[in-house]
Structure formats: structure tokens, C-alpha cells
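S.K.: This is the structure, below, for whatever I ask next.
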Amino acid sequence: MPQVPLADYLILATVLFVIGLVGFLVRRNPITMLMAIELMWNAGNLVFAAFARNFGDMTGQVFVFIVITVAAAEAAISLAIVVMVFRHREDVDVDDISVMRG
Amino acid sequence: MIQSVAIDWNVIAPVVVLVATGLLVLVVDLLSRSAPRQLLYGIGIVGSLAAFAAMLPLRGQELTTFGGAFASDSFSWPFDVLLLLTLTISLALSCLGKAEDGANPGAYAALLIFCTIGGLILAGATTLIGIFLGLEELSLALYVLAGTGYPRRSSQEAALKYVLLGSLASGFLIFGMALLYGSAGSISLAAMSHAAYAGGPLFIGGFALFLVGVAFKLALAPFHLWTPDVYEGSPLAVTAFMAVAVKAAMFAVLARFAYVVFGHDASALVPLWILAILSMIVGNVGAIRQTNLKRLLAFSGIAQAGYLVLALAGVGRGGVATLVFYLAAYAFMNLGAFAVIALIGNGDELHADLSAYRGLAFRRPMVAALMMLFFLSLAGIPATAGFIGKVLLLGQAMGAGPWGVAMAVALIVGTLVSFYVYFQVIWQMFAPADAEAVASDGNAAVSWVAVAAGAVGVLLLGIVPQLLLAHL
Amino acid sequence: MDKFAALVLVILLLPLAGAVLISFAGPYLPRVAAAVIANGTLLVAFLMTGIVALTGWQATSSGQTIPQHFAYGTWALIPPLKISFGLLIDPLALTWMLIITGVGFLIHLYSVGYMASDRNYRTFFAYMNLFVFTMLLLVMSDNFLWLLVGWGGVGLASYLLIGFYYDRVSAVLAARKALIMNVIGDVGIMIAIFLIYAHLGSAAYSDVFARVASVGAPALTAIGLWLLLGAVAKSAQLPLHTWLPDAMEGPTPVSALIHAATMVTAGVYLIARCYPIYDHAPVAAEVVAVVGATSALFAATIGCVQYDIKRVLAYSTMSQIGYMMFAVGAGAYTAGAFHFLTHAFFKALLFMAAGIVIQNLGGEQDIRKMGGLAGKMPLAFWTFLIGTVAIAGVPPFAGFFSKDAVIDAAIALHHPVLGAFLIIAAFLTAFYMFRLLFLTFFSGAYRGDGAPHDHPMVSMNVPVVVLAILATVGGFLAAPLGAALRLTFVGALHDQDIATINWPVAAGAFLLVVAGIATAYALYQVRPQLRESLIRALAGPRQLVMNAYYLDTVYHWLVEVPAYAIADAAAGFFETFIIRAIPLAASATAAALGGFARAWESGQLRRYGLTIAVGVVLLLAWYVITAYAAASQGVLPQ
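Protein chains in written order, with this note's numbering: chain A, 1 to 102; chain B, 103 to 574; chain C, 575 to 1212.
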């Protein structure tokens, strides 16, 4: 089985990260934005996993598990918040959520 | 091979006490839906004091547990005290009649407590995993707390903005941590200092992204934009907690990172100095002409975060003492100011508006005098804690090379600008009252306790600073 | 902390506790409670000071040494600067403390009656207690920094009390003037402290005075002169004296306590306290002596022509402090302290007796509208008479001994010209004080339009009588005071014994005093016509003196007018294009930045996200650029 070089993992992770960031910046639906954020988090996970494999060290893998767990909690909370906002409005476009400014 | 890790329960006793308190609050809330919320918050306060009692034997000791991943040492101790103090005062302010808690006091109190646990973990974390877990525990609970005023549109907005931007910042943090892990081959900060010594793109890139995550939580410009909106939208007691506890916990992380990793060479921290200078400018200038006190204090907090960075200048020269002193001063004056806002309106949100303070000096001279004390301290007038704190910060920065001097100059200029901001508030209190001034007749004993705590702290640290300095 | 140290600390903190208590509990306190707190704290402080003084006296006379220095720990340690908090309770400090608490208590007691009908009664006592606390801090501190705190504090209390009748424009202006003059002095002290720290490496008296010999005279002269600036401003000496007569706008007890007995002598205390510096800086000391003697004569001449009873007393205060200043400048520190002691008795007495007159006349202060009051207000008259003979220097009253000690020192230390100034001033003092006495209490019938009546008030009469006794017998304190102060002025080069009297000089001075009294008697009792023709003959010089040598006008023309002229001239060009442009530009920049910050804070989440992203890019770019720069300086990467 051919080894995938570390650099390739890093490049892939960076690409995923940037896609996530751009997604966050261009989409206006909070749920889509959350998905973009998940992509960024997972790009980090990929880097952890790649290094863990490279070092033959379990710590990075454990870190990935923890990030995934936290991400689940984070998703639950953010979706609850989005629902809360939905209930008081017709639709949710983050550009309209700007009562507070200045 | 699986190694068993011995856990020293003494070291995490304060955390355990708080966890138990949080669970107890939830259980009591579950068993008796009719329990008055003051009871739940009272349990929380007792638990917070018990956690403090559990910390007393740890004072002056250098202990670690979880295989060195969590420390309770002379470094974390003062930050832990500040966190528990903030928790106590926030819970006390939540007891007020008009305080918002989302009509769910059990969950509200438990979340505040869990937030504090996150802070304690951050203060003691010596690995990236500890930092990540502590940070997320703190943040996730705060996202919900920001929205507990949810009948108000601004509170919903605050929660949504906070959770989206906070998660975005966490994305940078995780990616940065991954790169740091890659550069050092380990997640412990101690190992990272070797990587820092070697330099290299992995480490530098990782640190830059890590710094973004931390700077976001600290509200350092240009990562500060969420702060005013979230502070304004969150319920008053939550804002008070955010303003103080998050800064204390994150500065603990930043300081530990700076000392452990950059103890030998702080040149990689130059961007942090730039962020500090930017924050002092943005915070002080942005506070001009704000009409909402929570928003004004948010901008003030941005500037104060910038000031606090000065304590890290010239790493290794007694900066921690300066940092803790200014954080303590910051805690007392901010908690005091928030407590005054809560006091006169009995916890309502109307009194966050500056217009409510017109003529306060004539209606409630004592309250106005105390509010003036807190704002004089924020401005850094002698005989208050803020003054001594700024003197210490300047002393720290002046010996730290050109960037230190630049930050010192920014602090002085920023302070001058801030006089305008803070004296504006004081001036409002002495201006003739409007005919339709909102009633400011709240007088609850519990808020007086909080105000008095702030006032005593500000004055004691301002007049007898050695009381604290001698122990740092 | 041993018992003695605790006791001393309590003396200092009692008046502060009283001030805080009255301030914070003010609206809820009955008026009488405020008075009781203010008086009680001072009385206890005085008794405790007395205990300390007596203990010290006994210990010393039985050959023991007792600690004078009490350290309470470090106040702030900001490396390398260490500021400790400690008190130095030596005979010099005790002399001042006894007067501050003792005479302070009597004046507080007097105020209970004098201020009885004032609506800001509690505020008054809070301010007065605050003053006593800061004044005690000034004299009890063991280092220059806490002295400065006390120095500023008495200035603040003085400002608050001069402007106590804040609905009178003149009072507010007088308070402002006093504050400005005093701040000039404060800056002088600050600069002196900077110099002391720079040259001697400490601000604690013990360190500074021990190292004085290792520093050159030029540095010490500079320090001495800057300290003198502070002393001159606080003690109303030439040329910064103009605030003191105006300060009489304050209530009379304030004039008695702050502007006669205690605060204005802070300058004398400062120079006596710094005697090692002045002993090693003869030029600075000579300047002190010249300022003192000149002020003594200068103020005495003005006192001869004033018509406001309190202003006459104010100029006489300035004149008497001139004596003290001369004494400490010439090196006769004990004589200066002695004159401070007796002056506190008789000048407080004079002010309080005058206060009774003023109150009984419904606030009238113009002596042209008094006269013939001796029979109507016997207590005020007799006590005022005692004060007058005491200040004039009639034996065996207190002023005779202390003034004589100062004049003796002038002769013994070879200051012929300045000594002559003092002797002429002694003649003038006797003249203007008896002029005041005659115009107020005799010189025909009552000339005013009110109905003079005597309201005996126990709280006012008791302190007046006590002070009258002290003013009578205070001169006999010379021997014990001299013995005690010898412990402070160890190694002082020129200090003089105050207990022995140089009888020929004393007799000569007494003859002059008699001449002065006789002149006043002749002009104001026997031959009023003579006075009229004298006024006509000397109209020009009289005008000059009546207007206090036009110094206020000189300052107006020298300082205010040029300042305004420059400002006006500048207004045209500088103001518009430079002076105003800079703050305008600054505020415009701030406003623009603020506007930008606020506009950027658009409330829109994606804007916030974008900002974060841009921030990240810039941050990474910084690291890339610095790494590249570092690499290009070193070995180029392959």
C-alpha cells in the first residue's frame, strides 16, 4: 500500500480549511455557515490525524476524538440557537440580524 | 500498552466541588420545579465558596495531575480566585427581581457554574488538549447564556453572533493546535518551547492561528467585533461574567503559553504587541459616544485587554504579578460597575442605557459616588486600583525594548482618550435629570454586597496595593 | 506591631475615621452627632498625643531612649522603587501634633457654636477632620512621599474650606486662587523629591539625611530652593502670599485653624525637618532667611492700614510666619518651632475672639464700623487684649519670649540687616495690633448700624478662655521645648538655646513695642485729628501699602495680562492655524476613527467574519515577511 506523503495531507487540509472559511464568508444561511465551520474543524482533525500517523503517536488521534465530541455538542447548541432565532422570524438571513451595531 | 494515570484528587478538588454543585443545582431544579430561583443561585454561591475553600490548601503549592496535563500551581491560583469571585458576584446579581435567566434558573445557574469550570481548566491546562477542552466548555456554556434573555431580540442576536463567530475562531484554534502538534510532536507546552526555539513554518503558522483563537476570546482588535454586540445583548449578570471571567481565564492561558514557550525569546510575540496597540486605539476610540453602558464597557474591555498585554512584555520580569494585579483591579471595577447597573434597576436591562444615569447624583448620591469610583478607577485616577495597575503595567512595558515603549505610549494616549469616555458617564450623573427619567430605586441587599465588594477592592488595591502585591 | 506603634497609628487615623464616618453617614446623622464625632476623635487624638509626648519626656529625662520611628511595612514595591509606610514621632513632629490636635480640638469645639446655624454643618466638620488627618500625615510621615500626600491633602482641605460658602463668588475665587498658588508650591516639592531621589536614592528621611554629606552643595542648594518654593506657597511668604488675605473668605474657625495655627506653618515644619539639607546648603538657607525676614516686615506694613479685622490678622499671620521662616533659615530651628507654638496659641485666640465679635455684629468685619465694643462684649475684649499683648511681645505673655528668641538668634548668628527688619516689624506689630484693638473696642462710640449684642455660647467661650490662658503662660514652655527639640536637631550647626534671654536685646525690643503701642494710642485714642493730617500727608505711600504694594496688580500685569495678550495675539494666527488646528485635527481624527470603528461595527455577522479572516491573513503575512527578512539577512535559503 503506497504511503501518502504528509505534505499531501497538509495541503488537502489547508484546502478544506479555506473552503470552509470562504463558505462561512459567502453564505448567508446560518445552517450553511455552521456546516462550513464544521469543515474547518475537520480540516484541523485531518492535520492531527496525519501527524499522529506520521509520528506513530496516539495523542493526535485522541485529540481528534475530543474535537469530534466537542463538535457534536457545539452543533447541538448552535442549532438550538438558530431554531430559537427562527421561531421569532420568518427566515433567517444573517445579514438581517443586525439590531445591534455601532 | 495502556498506562494507568494516577489522579490526585486534591489538585482538582475545586473543579470537583463545582461539578457537584452544578449537578446538585440541576437535580434540585428537576425535583422541585417550584423552587425559588434564589435558592438555586444560593446553592451555586455556596458551592462557589466551597470551591474556594477547597483551593485554600493548594495555595503556594506546585502540583500536577493527569500525568502533568493539569496543574495547580502558584501561577493558576490567583486566576482561579478571580474566576470564583466572578461566579459568586454574577450569581448574586442573577438573584435580583428583574434579572433575566430565560425562565429556567436551574439550567442558567448550572451553565454559569460549568463556564467557571471551563475557566479553571484553562488556568491549569499545561497541554493543548486542556486548553481546547477548557475553552470549549467555557464557550459553549456562554453561547447559551448569551441567549437566555431570548424574549429580547438583541439577546437572540447576541447568541447567534457569538456561536457562529466563536466557532469560526475555534476553527482557527484547532487548525493552529494541529500545526503546533505537528511542529513539536507533542501536545504539551513544555515540548513546544523546543519547537519555538527551532522556529520553522509549522510552528510559526500554528502559533499564528492559535493566537487568533485566543485573541478572539480576549476581544483583541481586529478580532473584537463581536464583543459590543454580545455584551449588549446578553443578560446583565452574564455580561458581567463574560467581561471578567473570560478575560481572566484566557490571560492565564496566554501568559502560561508565553512563559513556557517563549521564555527564552519573545520576538515571535511582536504581532501580539501590535494587536494590543490596535485594541487600545479601537477600544478607547470606539467607546466615544456610546449610549449603552454595556456596550461602552465592552469597548472599554477591549482597551483594557490591550493594556493587560503589556504585562507580558519582557516575559520573565515579574510580569505575572502585574498581570494578576491589573486583572484583579479590572475585576473589581467592572464587577462594581455592572453591580451598580443591576442595583439601581433591580437587575433590569433598561438601566444599561446611559440616559438612565442623568441626575443620579441627586437622586441616589451614594450609588452615584460608587459608580463614579468605578469609572475613576477605569480611567486610572490615583487612589484607585486602576491607577496602581497602570503604573505597574507602564513599569513592565518601559523595560521591554521599543515595542514595550510603543505600547506604553499607546496606553498613555489611550488613557487620555478614555478620560473623555469615562468622565462623560460621570458627567451624566451630575446633569439635570430628564422629566421622563426611568425610576432608579432598586435597593436589593444582594446587589449592595456586590457593589461593596467592588468598592472595597478598588479602594484597597488603590490605597494599599501591597496587600495584594506582597502575595504575588 | 507593638502597642506604641499602634497608638501612634490610631492618632493619625482617628480624624480620618471621623471624616469618613461623617461623610458617609452624613444625611442620617443628627447634627449633634456629627459635632460629637468630630470633636471626640480630636480630643482622643490629642489625649493620646499627650500620652506619647509624656512617655517620651519621662523616658528621656530618666536617660532612656524610646523608639521614634515606627515602620508599618511596605506600601508599594514597584522595583526598583520601594515605598514604605512609616511614622517618625520625634519631638519636632510631636510639637506640631500637639498643636494640631490640641488647638484643633479647641477650634472644633468653638465651631460647634460658631457654625451652629449653618446648613452645611456636617460637611464642615467632615472637611475639618479631613484637614486634621492630612495635616497629621504631613508632620508624622517618615518620608517625603507621604509628606507630599499630606501636603496636597491640606491644600485640598484648605480649598474646600475657603470655598465653604460656595454661593459667594468671592469665596469661590479665593479658594481657586489659594489652590493655584499652592499647586505651584506642590510642584516645587515634587521636583525637590525627584531631585532627592535622583541624588540620594531614597525618599525616606533617615536615608536622605544620613547621606546628605555625600552630596555636593549645588545639588543640595537646588533641593533646598525647590523645597522653599513649596514652603513659600504653603506658608504665604513673599512672593506667593497673595492668597492668604483672600482666604479669609472662609469661616472664621477655618482661618484660625488652617490659615493661622497649623497649615500655614507647614513650610516652617518642612524646613526644620530638612535641617540637614539646609545646614549643608548655606545659600538656600540664606534665601530662606531673607524671604522670612522680608515677609515679616512687608506684611507688618500692610497690616497697619487694613480695615478688615480678619485681613489685619491674616497679614499679621504672614508677618509672624516670616519670623519663623527667618529663624529656621538662619539655622535657629528651635526658635522657629517655639514661635510656631506660641503663635498657634495667640493667633488662634485672636481669630476666635474676632469671630465672636463678627458673629455678634451679624457678620460685620470692617473695623471702621465697630468701636466701643469693650463694654458690650467683655469676654471678647479681654481675650482679644491678651492675644494682642501676646503677639505684640509684652512680657510675660507668650509672644515676648518666642519673638525675642528669634531676634536673639538674628543677632547671635550675625544677620544685622535681617535682624533690623525683624525689630522694625516688631514695632509695627505692636502698632497695628493695638490700632486694631482700639478701633474695634474703643475709639469712641459704636460706629456701625447693627445692634451689638453678646450671645454667650459656652462652646465658643471655653476654647477662647483656654487659649487665652495658654497665650499668657505659653512663653514658659521654652525650657522644656528647647530640651525636647535638642533630640531632633542633633548636630544642627547653628541652633540656638531658646531658654536663655538676651536681656539687653529684650529690653530694647520691649521699648520699641511700647513705642508702637504708644503711637497707636496717640493716633487712635488721643488725637484722631493727628491721624487725619497724617493720612493726608502720607496719602501716596498709604495708598501703596493699602493695596498691598499692588502685588496683586503686579501679578495681574506681569502674569495675567501678558498671558492674555500673548493669547490674544496668538488667537489671530496661531490659534486658528496651529493651536486650534492640532486639537481639532486630533479630535477629528478620533471622531473619524470612532466613526470608522462604529461604522465597521455594522452589526453584520459576515462583516465580522471577514474582518477576522483579514486579520488572520495579515498576521500570517507578518510572520512570512519577518521570516523572509530574517532569512535574507542571514544565509540565503537554498
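Heads up, the beta-carbon is just placed ideally off N, CA and C, and yes, glycines get one too.
To the nearest angstrom, how far is it from the Cα of L785(C) to the Cα of A766(C)?
M.R.: What sits at residue 785(C) in the sequence shown is Arg, not Leu. Approximately 16 Å, taken between the alpha carbons.
S.K.: Could you check whether the stretch 460 to 475 of chain B touches the stretch 588 to 596 of chain C, counting it as contact only if at least three pairs of C-beta atoms, one from each stretch, sit closer than 8 Å?
M.R.: no
S.K.: What distance in whole Å lies between the Cβ atoms of G1022(C) and M530(C), which are believed to be in contact at a cut-off of 8 Å?
M.R.: Within the shown structure, residues of chain C are numbered from 575 to 1212, placing residue 530(C) beyond reach of any answer.
S.K.: Check this for me: beta carbons of M1034(C) and G676(C), under 8 Å apart or not?
M.R.: For the pair M1034(C) and G676(C), the CB atoms are not nearer than the 8 Å cut-off.
S.K.: So with Cβ pairs under 8 Å, would you call R460(B) a contact of chain A?
M.R.: no
S.K.: Would you call R466(B) buried or exposed, if buried means 16 or more other Cβ atoms sit within 10 Å of its Cβ?
M.R.: buried
S.K.: Considering only the beta carbon of each residue, do A72(B) and L142(B) sit closer than 8 Å?
M.R.: This structure leaves residue 72(B) out entirely; chain B is present only between 103 and 574.
S.K.: Listed in chain order, which residues of the stretch 1166 to 1178 of chain C have Cβ atoms closer than 8 Å to some Cβ of chain B?
M.R.: For the stretch 1166 to 1178 of chain C, the beta-carbon criterion of a distance under 8 Å to any beta-carbon of chain B is satisfied by L1167, G1168, A1171, R1172, W1174, E1175 and G1177.
S.K.: Mind checking if D93(A) is an interface residue toward chain C, Cβ cutoff 8 Å exclusive?
M.R.: no
S.K.: Count the CB pairs spanning the stretch 433 to 453 of chain B and the stretch 392 to 400 of chain B that are closer than 8 Å, and state whether there are at least three.
M.R.: yes
S.K.: Tell me which residues share the same chain as A633(C) and place their Cβ nearer than 8 Å to its Cβ, disregarding the 5 neighbours each side in the sequence.
M.R.: T639 and I640
S.K.: Around the C-beta of K934(C), are 16 or more other C-beta atoms found within 10 angstroms, so that it is buried, or is it exposed?
M.R.: The question names Lys, but residue 934(C) in the sequence shown is Asn. Result: buried.
S.K.: Under a three-way DSSP split, which group does N45(A) fall into?
M.R.: helix
S.K.: Can you tell me whether L132(B) is buried or exposed? The criterion is at least 16 other CB atoms within 10 Å of its CB, across all chains shown.
M.R.: exposed
S.K.: Taking the C-alpha atoms as reference points, what is the distance between I565(B) and S479(B)?
M.R.: 12 Å
S.K.: Taking Cβ-Cβ distances shorter than 7 Å, what residues in chain C pair up with P330(B)?
M.R.: E1175
S.K.: Do L812(C) and A793(C) come within 8 Å of each other at the CB atom, strictly closer than that value?
M.R.: no
S.K.: Can you find a C-beta in chain A that's less than 8 Å from the C-beta of R1180(C)?
M.R.: yes
S.K.: In angstroms with no decimal places, state the Cα-to-Cα distance between N613(C) and M709(C).
M.R.: 16 Å
S.K.: Between which residues of its own chain and T167(B) is the CB-CB distance below 7 Å, once the five residues before and five after are set aside?
M.R.: I109, D110, V113 and I114
S.K.: State the beta-bridge partners of S717(C) as determined by DSSP.
M.R.: In the sequence as displayed, the identity of residue 717(C) is Asn instead of Ser. In DSSP, N717(C) forms a bridge with A778(C).
S.K.: Within the same chain, show all residues whose beta-carbon is closer than 8 Å to that of S636(C), passing over the 5 residues directly before and after it, in chain order.
M.R.: none
S.K.: State the Cα-Cα distance for the pair A911(C) and C878(C), rounded to the nearest angstrom.
M.R.: One C-alpha to the other measures close to 26 Å.
S.K.: Check this for me: beta carbons of V384(B) and L356(B), under 8 Å apart or not?
M.R.: no
S.K.: Along the chain, where does the alpha helix (DSSP H) that runs through I596(C) open and close?
M.R.: K577 to A599
S.K.: If we define contact as Cβ-Cβ less than 8 Å, is G1183(C) a contact residue for chain A?
M.R.: yes
S.K.: Just checking: is the beta-carbon of P5(A) within a distance shorter than 8 Å of some beta-carbon in chain B?
M.R.: no
S.K.: Between L270(B) and I77(A), is the Cβ-Cβ spacing less than 8 Å?
M.R.: No.
S.K.: Could you check the C-alpha separation between F914(C) and V980(C) for me, to the nearest Å?
M.R.: The alpha-carbon atoms of F914(C) and V980(C) are separated by roughly 11 Å.
S.K.: Could you tell me whether the stretch 1040 to 1052 of chain C touches the stretch 879 to 888 of chain C, using the rule of 3 or more Cβ pairs below 8 Å?
M.R.: no
S.K.: Beta-carbon of A1201(C) versus every beta-carbon of chain A: anything under 8 Å?
M.R.: no
S.K.: Counting only the same chain and skipping the five closest in sequence on each side, list residues whose C-beta sits under 6 Å from that of K977(C).
M.R.: G967
S.K.: Output needed for G798(C): all residues of its chain with C-beta closer than 6 Å, excluding positions within five of it in sequence on either side, in chain order.
M.R.: I851, Y852, A855 and A858
S.K.: Who are the near neighbours of N703(C) in its chain, counting only those whose CB is closer than 6 Å to its CB and skipping five residues on each side?
M.R.: P589, G592, A593 and A612
S.K.: Give every residue of the same chain whose Cβ lies closer than 6 Å to the Cβ of Y684(C), excluding the five residues on either side of it in the sequence, and list them in chain order.
M.R.: So the qualifying residues of the chain are P827, M926, M1034 and P1037.
S.K.: Note down the Cα distance separating F325(B) from A389(B), rounded to an integer number of angstroms.
M.R.: 16 Å
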